[in-house]
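In our numbering, the protein residues as written are 9 to 279.
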Amino acid sequence: MLDTYFFIPGDKEKFINKIDSLDADYIVIDLEDAVSLQNKEGAFELTMSVVPQKNHFVRIPFFDKCYSEELLIKLLQHFEGRIVVPKLREQSELKQISELLPQLDLRMIILVENPICFINLPDILKVYSSHIQGVGFGSHDFCSITGIKHTLENLSHYKRQLVLYTKAFNVDYIDGVDLDLKDFTQFKNECVFAFEIGSNGKFLIHPSQIEVLKNVKFITDAEMEQLKAVYEKVKNIPEDSIEVYTINEKVYEKPHIIRIKYLMEKLQKKY
Numbered sequence: 009m010l011d012t013y014f015f016i017p018g019d020k021e022k023f024i025n026k027i028d029s030l031d032a033d034y035i036v037i038d039l040e041d042a043v044s045l046q047n048k049e050g051a052f053e054l055t056m057s058v059v060p061q062k063n064h065f066v067r068i069p070f071f072d073k074c075y076s077e078e079l080l081i082k083l084l085q086h087f088e089g090r091i092v093v094p095k096l097r098e099q100s101e102l103k104q105i106s107e108l109l110p111q112l113d114l115r116m117i118i119l120v121e122n123p124i125c126f127i128n129l130p131d132i133l134k135v136y137s138s139h140i141q142g143v144g145f146g147s148h149d150f151c152s153i154t155g156i157k158h159t160l161e162n163l164s165h166y167k168r169q170l171v172l173y174t175k176a177f178n179v180d181y182i183d184g185v186d187l188d189l190k191d192f193t194q195f196k197n198e199c200v201f202a203f204e205i206g207s208n209g210k211f212l213i214h215p216s217q218i219e220v221l222k223n224v225k226f227i228t229d230a231e232m233e234q235l236k237a238v239y240e241k242v243k244n245i246p247e248d249s250i251e252v253y254t255i256n257e258k259v260y261e262k263p264h265i266i267r268i269k270y271l272m273e274k275l276q277k278k279y
């Protein structure tokens with residue numbers, strides 16, 4: 009029910025070579041935090057050797073000055089503008105990126121990793137939402153900067169707010185990574201919470217998380233049966249012809265129908 013965005017360190021050739029075998033919706037080749045400073049050059053060369061697909065993004069450390077403008081432009085060209093922007097703070101920084109290659113139509117995922125970006129996000133989206141596929145929550149960096157203890161309870165307010173901002177501008181919200189690769193209890197709880205508040209995706213860092221997410225029970229069996237019953241009655245009705253329906257003694261208006269069709273069609277596509 010959540011799209012999977014899988015991070016791969018850009019300096020790990022054995023992982024890069026397994027990209028095609030990963031059952032993820034999107035791949036993010038990481039040239040930022042996952043790569044040490046001494047490995048940046050090698051990671052660049054390895055990343056440039058990848059034949060990028062339409063679902064491949066590259067996370068570029070634009071503001072760390074570890075890559076020259078020439079190399080940044082090469083990455084932008086190679087991935088046809090599909091980039092993940094970390095450490096973003098304000099709108100002017102996206103302007104700087106867009107000016108590197110003005111003729112390129114950027115398709116960005118921006119990361120909210122600090123309180124300044126969180127506060128500035130509405131203004132950023134007002135200007136750049138047409139070039140932004142998703143907004144991801146870098147919750148661990150966010151907590152490190154703010155001093156917030158990294159728990160679902162403590163972060164729930166910020167996640168809900170990010171969903172609200174992104175939905176206002178028709179942009180996806182992508183929930184942050186979970187770092188516990190031994191006990192997946194918290195990961196499952198995060199996935200269910202993300203789905204229930206309207207998230208579109210989840211960042212992942214290990215293949216086992218892909219499999220666990222596939223088996224997360226986002227809705228109950230009873231809810232699924234009701235969804236199927238509604239979908240069977242409305243699946244062929246065009247959006248502009250949807251009315252109010254009573255199905256199994258429950259009333260469904262147009263917004264409910266659109267959401268149900270979206271969920272069922274996504275389930276059919278994935279599984």
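Glycine included, each C-beta is placed from N, C-alpha and C at the ideal position.
task: Name the residue from Ser249, Asp248 and Lys241 whose alpha carbon lies nearest to the alpha carbon of Ile281.
output: Outside the modelled stretch of the chain, which goes from 9 to 279, sits residue 281, for which no answer is possible.
task: Check whether the Cβ atoms of Gly18 and Ile37 lie closer than 8 Å to each other.
output: yes
- prompt: Does DSSP put Gly50 in a helix, in a strand, or in coil?
  reply: helix
query: Where does the unbroken beta strand (DSSP E) through Ile182 begin, and where does it stop?
result: Asp180 to Asp183
- request: Decide yes or no for the touch test of the segment 12-29 against the segment 204-213: beta carbon pairs closer than 8 Å, at least 3 of them.
  value: yes
- prompt: By a C-beta neighbour count over all protein chains shown, 10 Å radius and 16 as the cutoff for buried, is Tyr136 buried or exposed?
  reply: buried
message: As a quick exercise: from His158, Lys134, Asp131 and Phe126, pick the residue whose alpha carbon is nearest that of Gly144.
response: Phe126
- request: Give a yes or no on whether the C-beta atoms belonging to Asp183 and Lys157 are separated by under 8 Å.
  value: no
task: Have a look at Val259, Ile68 and Asp180 and flag the residue whose alpha-carbon is nearest the alpha-carbon of Glu40.
output: Ile68
- prompt: Between Ala42 and the rest of its own chain, which residues show a CB-CB distance below 6 Å, the 5 nearest in sequence each way excluded?
  reply: Pro17
query: Who are Tyr13's beta bridge partners in DSSP?
result: Tyr34 and Phe211
query: Which residues bound the alpha helix (DSSP H) around Val238?
result: Asp229 to Val242
Separation of Asp191 from Ile227, as counted between CA atoms: 22 Å
message: Judging by CA-CA distance, which residue of Tyr181, Cys74, Ala202 and Phe195 is the nearest neighbour of Ser216?
response: Phe195
task: Have a look at Ile117 and Ser57 and give me their C-alpha separation to the nearest angstrom.
output: 22 Å
task: Report yes if the CB atom of His86 is closer than 8 Å to the CB atom of Pro110, and no otherwise.
output: no
- prompt: Hey, how far is the Cα of Ile105 from the Cα of His148?
  reply: 24 Å
Val179 versus Gln169 - alpha carbon distance: 13 Å
4 or more residues per run - each alpha helix (DSSP H) lying fully within the segment 72-105: 77-86
field: Terminal residues of the alpha helix (DSSP H) in which Thr159 lies
entry: Neither: Thr159 is in no alpha helix (DSSP H) and is coded neither H nor E.
- prompt: Taking the C-alpha atoms as reference points, what is the distance between Val93 and Leu119?
  reply: 6 Å
message: Quick check on Ile205: does DSSP put it in helix, strand or coil?
response: coil
query: Who are the near neighbours of Ile266 in its chain, counting only those whose CB is closer than 8 Å to its CB and skipping five residues on each side?
result: Glu247 and Ile250
query: Is the distance from the Cβ of Ser207 to the Cβ of Val185 below 8 Å?
result: no
Under the three-state DSSP convention, the category Lys258 falls into: strand
- request: List the endpoints of the continuous alpha helix (DSSP H) containing Phe23.
  value: Glu21 to Ile24
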